[in-house]
Amino acid sequence: MERLLVLVRHGQSEWNLKNLFTGWKDPDLTKQGVDEAVAAGKKLKEMGLTFDIAFTSVLTRAQHTEALILEQLGQTGLESIRDQALNERDYGDLTGLNKDDARKKWGDEQVHTWRRSYDVPPPGGESLKMTAERVLPYFEDRIMPVVMKGQRVLVTAHGNSLRALIMKLEGLTPEEILKRELGTGVPIVYRFNEDGSVASVKDLAD
Ligand SMILES: O=C(O)[C@@H](CO)OP(=O)(O)O
55 MERLLVLVRH GQSEWNLKNL FTGWKDPDLT KQGVDEAVAA GKKLKEMGLT FDIAFTSVLT
115 RAQHTEALIL EQLGQTGLES IRDQALNERD YGDLTGLNKD DARKKWGDEQ VHTWRRSYDV
175 PPPGGESLKM TAERVLPYFE DRIMPVVMKG QRVLVTAHGN SLRALIMKLE GLTPEEILKR
235 ELGTGVPIVY RFNEDGSVAS VKDLAD
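Here the sequence shown is numbered in the working numbering, starting from 55 and rising by one per residue.
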């Protein structure tokens with residue numbers, strides 16, 4: 055039985071391009087982001103992969119990426135479940151601020167702590183730990199049982215919601231996961247053993 059899970063971070067968004075903290079705001083993809091999503095779909099197609107079900111967040115950039123991937127695979131119309139549990143981490147009061155302006159205002163170290171510490175939330179927002187506390191129960195209740203039944207699953211989400219998942223799947227420490235930068239539109243292909251442990255991981259950026 056094939057136990058397949060593919061994770062993809064959305065393609066470049068308008069706010070990634072403008073270097074703004076994005077979080078739960080809802081910008082769409084840039085032209086480059088569209089191209090990255092199409093390229094992700096082509097890579098998956100070259101590998102001969104198709105899916106039985108897709109999961110994504112309630113944010114446009116992830117849904118648009120998913121739609122472009124499915125179009126490349128000839129799977130437009132595949133069942134897609136949208137849930138805010140898979141949303142990007144909420145950046146709170148930083149949302150909409152330019153990341154360089156924030157560094158000028160609060161200093162490099164403080165901004166780095168907000169962006170890449172495990173359990174220090176940005177003011178009014180979510181830390182990676184808080185993000186994991188909503189992503190992981192959803193993953194374990196709704197996504198993993200489907201994978202273990204043999205359905206091939208595509209999850210299209212965000213840098214930090216996927217970091218929370220990858221940390222769990224690959225058994226990484228907070229230090230290890232926070233160093234991991236996920237490329238926009240780069241699929242990561244997981245296959246699982248019968249007991250639910252990870253059999254193989256292939257990052258298609260490599
Ligand atoms: O702005 C955001 O929402 C995220 C992802 O683009 O940024 P960061 O790299 O700081 O986690």
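Ideal Cβ placement from N, Cα and C applies to all residues, glycine included.
> Between the C-alpha atoms of H166 and I220, what's the straight-line distance to the nearest angstrom?
Replying inline: Numbered from its first residue, the sequence shown carries residue 166 at position 112. Numbered from its first residue, the sequence shown carries residue 220 at position 166. Cα-Cα distance, rounded: 21 Å.
>> Rounded to whole angstroms, what is the Cα-Cα separation between L258 and I242?
In response: What you label residue 258 is simply residue 204 of the sequence shown in a count that begins at 1. What you label residue 242 is simply residue 188 of the sequence shown in a count that begins at 1. Taking the straight line from one Cα to the other gives about 6 Å.
> Just the Cα atoms here: how many angstroms apart are I123 and G146?
Replying inline: Within the sequence shown, residue 123 is the residue found at index 69, counting from 1. Within the sequence shown, residue 146 is the residue found at index 92, counting from 1. Their backbone Cα atoms lie some 30 Å apart in a straight line.
> CB of R169 to nearest heavy atom of ligand 1: below 7 Å?
Replying inline: Your numbering for residue 169 matches position 115 in the sequence shown. Yes, ligand 1 has a heavy atom inside 7 Å of this Cβ.
> Measuring CA to CA, which of E229, V201, L236 is closest to S215?
Replying inline: Working through the sequence shown from its first residue, we reach residue 215 at position 161. When only C-alpha atoms are compared, the closest one is L236.
> What's the gap between the Cα of E142 and the Cα of H64?
Replying inline: For the purposes of this step, residue 142 is identified with residue 88 of the sequence shown, where counting begins at 1. For the purposes of this step, residue 64 is identified with residue 10 of the sequence shown, where counting begins at 1. If I take the Cα positions, the gap works out to 10 Å.
> Y192 lies in the alpha helix (DSSP H); which residues open and close that run?
Replying inline: Here the question's residue 192 lines up with position 138 in the sequence shown. Counting along the chain, the alpha helix (DSSP H) containing Y192 begins and ends at 182-192.
> From Q138, N152, G239, E230, pick the residue whose C-alpha is nearest to that of D89; which is it?
Replying inline: The residue given as residue 89 occupies position 35 in the sequence shown. Comparing Cα positions, the closest option is G239.
> Using 8 Å as the Cβ pair cut-off and three pairs as the minimum, do the segment 64-75 and the segment 198-208 touch?
Replying inline: Judged by pairs of C-beta atoms under 8 Å, the segment 64-75 does not touch the segment 198-208, as fewer than three such pairs exist.
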